[in-house]
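K.L.:
Positions in the sequence shown are counted from 1; adding 8 to them yields this note's numbering.
So that we are looking at the same thing, I have put the structure below in structure tokens.
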Amino acid sequence: MSVTHIEHIGIAVKSLNDAIPYYENLLGVKCYSIEEVKDQKVKTAFFKVGQTKIELLETTDPEGTIGKFIEKKGEGIHHIAFAVKGINEELQRMQENGIVLIDKTPRSGAEGLEIAFLHPKSTFGVLTEFCEDRNQK
Ligand code: ZN
């Protein structure tokens, strides 16, 4: 079993400033990290819920993926991320099973994680992310 747990759920929001107080109130914890991922044209805010995190995503560019997502679908759940052991092997295994990969090799995401996305057309409409913390191998 190489998927260990749900690492985080990604939620697209128009404004971190507006959404953070709601989640702090809902979860009863403070946002512990705000980080810009230039590569993905997003600003992220993280909350811990047990072993899982909530990742709020605000676009830094209307043409970025989150910008386009909100324009098309509005705010809401954007992706689900599974923590995996051996991300390269897992991507290869998915590809061998006919799953379309957005990222054939992992790239750097927020929180120093190696991340890669599977295409929603292969995953019953759910944008799926694999992530691996290389420091926790
Ligand atoms: Zn994510």
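Don't be surprised by glycine CBs; every beta carbon is placed ideally from N, CA and C.
Please work out which residues of its chain come closer than 8 Å, Cβ to Cβ, to E32, disregarding the five sequence neighbours upstream and downstream, and give them in chain order.
P.N.:
K38, C39, F55, listed in sequence order.
K.L.:
Just to confirm, are P114 and L135 a CB contact at a threshold of 9 Å?
P.N.:
No, they are not a contact pair.
K.L.:
Examine the ligand ZN and report whether any of its heavy atoms sits within less than 8 Å of the Cβ of G106.
P.N.:
Checking the Cβ of G106 against the ligand ZN gives no.
K.L.:
From what residue to what residue does the alpha helix (DSSP H) around F77 run?
P.N.:
Unbroken alpha helix (DSSP H) run through F77: 73-81.
K.L.:
May I have the straight-line CA-CA distance separating E15 from V21, to the nearest angstrom?
P.N.:
Straight-line Cα distance between these residues: approximately 19 Å.
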